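S.K.: One structure follows; several queries about it will come next.
Protein chains: 2
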Amino acid sequence: MSKPLTSTVIGLGAMGWGAAVSLLRAGLPTRGVDIRPDVLARFDAEGGKAFASPADAVADADVVFVYVVNAAQAEAVLFGDNGAVTTARPGTIFANCVTVAPSAAIAIARRLEAAGMVALDTPVSGGAVRAAAGEITIMASGPSAAFDAIAPAIEAISARVFRLGEEVGTAARVKMINQLLAGVHMATAAEAITLAARLGIDLKTMHEVISASAGNSWMFENRGIHIVDGDYATHSAVDIFVKDLGIVRDEAAAFGFPTVITEAALSLFQEASAAGMGREDDAMLAKMLADKVGMPAPGRAPEKDKAS
Amino acid sequence: MSKPLTSTVIGLGAMGWGAAVSLLRAGLPTRGVDIRPDVLARFDAEGGKAFASPADAVADADVVFVYVVNAAQAEAVLFGDNGAVTTARPGTIFANCVTVAPSAAIAIARRLEAAGMVALDTPVSGGAVRAAAGEITIMASGPSAAFDAIAPAIEAISARVFRLGEEVGTAARVKMINQLLAGVHMATAAEAITLAARLGIDLKTMHEVISASAGNSWMFENRGIHIVDGDYATHSAVDIFVKDLGIVRDEAAAFGFPTVITEAALSLFQEASAAGMGREDDAMLAKMLADKVGMPAPGRAPEKDKAS
């Protein structure tokens, strides 16, 4: 191809934003789509072309990265009024980066193919910081020829790509299993660290010891440390695991497969969400558990008595 | 000290055996205690002095390492008929390497001190292979002077020592939190890998991808691989986590602390134990889950129909 690969990123949240600015940094023409005017203004200032409507942003795109929150949003931006397929050229490559149920990943791909498009299954992981650095991990399945065609864009946004074969759905399944583990490990880190605090254990020392021991997990080491530090700023929202562990439960239930640990973890995320913490950091599970036994959130000094 | 440090190891199971042979390899006089004649014969062949009774094995010991299975056995070998305190010299250092409840670790130490002994809280981790190589990790709390006095022995058996202060009970608490995490992560690995098998995911590729992703845990990476490989040989028994997660539940309950994820994992280990798998590898949780949905254990080909 003589002209540079043109990308559209639909959904400029933490992960989509990182992908879009990484594409710009690589010198690739990039269009961004979001419903928030302030985000569009910021993207314009970064040198991208900003659009409020998917239909307006994909006519000359070679590849469309979908970075919205869930399957319902993905269907809306693709197939709804002003959806991307209304204006995309036939043969445009759609890379679905949303964590959705494997069954939904396949259904979306079939609808794209029926509209004359090429569908890739490309869930991502790595968080906002790595996304902004163009260093996410991509779990990738779908036609090799399409991956080859968009190689400069994939190169720009990711540090690592796991190619999982030609079939859409495979990457979504592996991502789902990853989310099962990550979600349970996050909730378990909250349970373990809060119990440790209740027992009077020095949390920093404990975290150091266990990070080098058989009890370690990526979540305990990298996200649990926020709880240890009393840092409850939002990195990843409670509702993400409400969604992702809900996907696990539903897909497993379709096979009659029992997921008792997943469901225990899901119950904690759901409880936190129902208590109004859905958009707060998932470390808030630790605060919720601490509240139940009348102690301050781990890593924090006791609050002063507000009545005095 | 001009004469070399003399050690007694009570309990020559997988971990105690490794410690005892590591002490011998370091050139330190070592006595081993076990109830199994074949194990004692093997220890004698290694150049150790073998005894069936703790009371016979500790009279000239500077340090006694206790490596039995649980708190009840520790109390028996220390304070029962022919227990070690009946013959140990006052001031003998007792290092309790058994994973016991923090409350039990403290109670045992108080009884040792009342008998004129010095008590150290030294739970270990690392498994049989690292134990045999003298490379376990020790979580260590208790009087510094006692640790200094037995430094050559500690050096011989461990690759890493986390010193957690002067108070007995601190190391047991940190070990308990480690076991909470390790036990939940093992059960979650079984749930995740078995579900992945049910969904038709290629397990080896999935394990490689997730080991490099946010869903990883030490247990998933190092023990889950046995499930992926269909290797259900016994490395660590189901009943170890029945015990250790039971300790977590009981100690947490004493504070009214809710441990819903621990209890979900414990329920799976208990179910496997009740089904007769207590002394089999904890990877058998995956086989148990597979049985529930009528599929072969992950990593294994379907069994041939035995009726034909």
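Chains as they are written, first to last, in the numbering used here: chain A, 77 to 384; chain Z, 77 to 384. In this text, a Cβ means the ideal position worked out from N, Cα and C, and glycines have one as well. Note that this is a predicted model, so its numbers are computed, not measured.
Exposed or buried, which one is A:N356 when buried takes at least 16 other CB atoms within 10 Å?
M.R.: Just to set this straight, residue 356 of chain A is Glu in the shown sequence, not Asn. Buried, by the Cβ-count rule.
S.K.: For Z:I214, return the contacting residues in chain A, with the cut-off set at a CB-CB distance below 8 Å.
M.R.: Neighbours of Z:I214 on chain A: none; closest Cβ ~10 Å, over 8 Å.
S.K.: Using a Cβ-Cβ cut-off of 7 Å (strictly less than) and excluding sequence neighbours within five positions of Z:A191, which residues of its own chain qualify?
M.R.: Closer than 7 Å at Cβ, skipping near neighbours: V161.
S.K.: Note down, in chain order, every chain A residue with its Cβ under 9 Å from the Cβ of Z:L271.
M.R.: Neighbours of Z:L271 on chain A, chain order: M252, I253, L256, V324, E327, A328, F331, F333, T335 and T338.
S.K.: Could you work out which residues of chain A lie near Z:F296, taking near to mean beta carbons separated by less than 7 Å?
M.R.: The contacting residues are L257.
S.K.: To which residues does DSSP link A:L196 through a beta bridge?
M.R.: Paired residues: A:A171.
S.K.: Is the number of C-beta pairs between the segment 357-377 of chain Z and the segment 307-316 of chain Z that are closer than 8 Å three or more?
M.R.: At 8 Å Cβ cutoff, the stretches touch.
S.K.: Please state whether DSSP places A:R18 in a helix, a strand or coil.
M.R.: Outside the modelled stretch of chain A, which goes from 77 to 384, sits residue 18 of chain A, for which no answer is possible.
S.K.: Between the Cα of Z:R236 and the Cα atoms of Z:S179, Z:E242, Z:A288 and Z:A227, which residue gives the shortest distance?
M.R.: Here the closest residue by C-alpha is Z:A227.
S.K.: Of all Cβ atoms in chain Z, is any one closer than 8 Å to the Cβ of A:L361?
M.R.: No, no contact with chain Z.
S.K.: For Z:M360, collect the residues of the same chain with a Cβ closer than 7 Å to its Cβ; drop the 5 residues on either side in sequence, then sort them by chain order.
M.R.: Cβ neighbours of Z:M360 beyond the five flanking positions: Y308, V314, A348 and M353.
S.K.: Enumerate in chain order the residues of its own chain whose CB-to-CB distance from Z:I214 is below 6 Å, with the five nearest sequence positions on each side excluded.
M.R.: Same-chain partners within the cutoff: T198, V200, S234 and V237.
S.K.: Should A:M193 and A:A164 be called a contact, given that it needs their Cβ atoms to be closer than 8 Å?
M.R.: Taking 8 Å as the Cβ cut-off, A:M193 and A:A164 qualify as a contacting pair.
S.K.: Identify whether Z:T213 lies in helix, strand or coil by the three-state DSSP scheme.
M.R.: Note: Z:T213 maps to strand in three-state DSSP.
S.K.: Could you check the C-alpha separation between A:A263 and A:S289 for me, to the nearest Å?
M.R.: So the two alpha carbons sit approximately 19 Å from each other.
S.K.: Should Z:F238 be flagged as near chain A, meaning a C-beta pair shorter than 8 Å?
M.R.: Yes, its Cβ sits closer than 8 Å to a Cβ of chain A.
S.K.: Let's see if you can read the secondary structure: which residues bound the beta strand (DSSP E) around Z:A126?
M.R.: Element bounds for Z:A126: K125 to F127.
S.K.: For Z:R112 and Z:L342, what's the separation of their Cα atoms in angstroms?
M.R.: C-alpha separation (whole angstroms): 30 Å.
S.K.: Give, in chain order, every residue of the segment 277-296 of chain Z whose Cβ lies closer than 9 Å to some Cβ of chain A.
M.R.: Residues I277, D278, T281, M282, E284, V285, I286, A288, S289, A290, G291, N292, S293, W294, M295 and F296.
S.K.: According to the neighbour-count rule (16 or more other Cβ atoms, all chains shown, within 10 Å of its Cβ), is Z:R249 buried or exposed?
M.R.: By the neighbour-count rule (16 or more Cβ atoms within 10 Å), Z:R249 is buried.
S.K.: Establish whether the CB of Z:H311 and some CB of chain A are separated by less than 8 Å.
M.R.: No, Z:H311 lies away from the interface with chain A (no Cβ there is under 8 Å from its Cβ).
S.K.: Using the beta-carbon count (16 or more within 10 Å), is Z:A221 buried or exposed?
M.R.: So Z:A221 ends up on the exposed side.
S.K.: Select from A:I212, A:A152 and A:F331 the residue whose C-alpha is nearest the C-alpha of A:A131.
M.R.: Nearest of A:I212, A:A152 and A:F331 to A:A131, Cα basis: A:A152.
S.K.: Which residue wins for smallest C-alpha separation from A:D110, given the options A:A366, A:F127 and A:E122?
M.R.: Checking every option, the nearest Cα to that of A:D110 belongs to A:F127.
S.K.: List the residues of chain A that Z:T198 touches, going by C-beta distances under 8 Å, in chain order.
M.R.: Near Z:T198 there are no residues of chain A at all, since even the closest Cβ is about 13 Å away, more than 8 Å.
S.K.: Roughly how many whole angstroms lie between the Cα atoms of Z:T175 and A:N298?
M.R.: Near 26 Å, if we compare the C-alpha coordinates of A:N298 and Z:T175.
S.K.: Taking 7 Å as the line, does the beta carbon of A:E151 fall inside it for any heavy atom of the ligand FAD?
M.R.: Among the components modelled here there is no ligand, and therefore nothing to report on the ligand FAD.
S.K.: Suppose you measure from the CA of A:A147 to the CA of A:A180; what does that come to, to the nearest Å?
M.R.: Roughly 7 Å between the two C-alpha positions.
S.K.: Taking the C-alpha atoms as reference points, what is the distance between A:L154 and Z:A272?
M.R.: Cα to Cα, A:L154 sits roughly 29 Å from Z:A272.
S.K.: Taking the alpha carbon of Z:F170 as the reference point, which residue from Z:A96, Z:F223 and Z:Q346 has its own alpha carbon closest?
M.R.: Answer by Cα proximity: Z:F223.
S.K.: Helix or strand or just coil, what does DSSP make of Z:D136?
M.R.: Reduced to three states, the DSSP call for Z:D136 is coil.
S.K.: I think Z:A207 touches Z:A90, with their Cβ atoms under 8 Å apart; what is that distance to the nearest whole Å?
M.R.: Contact holds; Cβ gap of about 7 Å.
S.K.: Between A:L365 and the rest of its own chain, which residues show a CB-CB distance below 7 Å, the 5 nearest in sequence each way excluded?
M.R.: A266, E267 and T270.
S.K.: I'd like to check one pair, Z:G291 with A:W93: are the Cβ atoms closer than 8 Å?
M.R.: For A:W93 and Z:G291, no; Cβs fall outside 8 Å.
S.K.: Does DSSP classify A:A227 as helix, strand or coil?
M.R.: In this structure, A:A227 counts as helix in the three-state DSSP scheme.
S.K.: Find the residues of chain Z that neighbour A:T175, judging by a C-beta separation of less than 7 Å, and give them in chain order.
M.R.: Residues of chain Z passing the Cβ test: none, with the nearest at roughly 12 Å.
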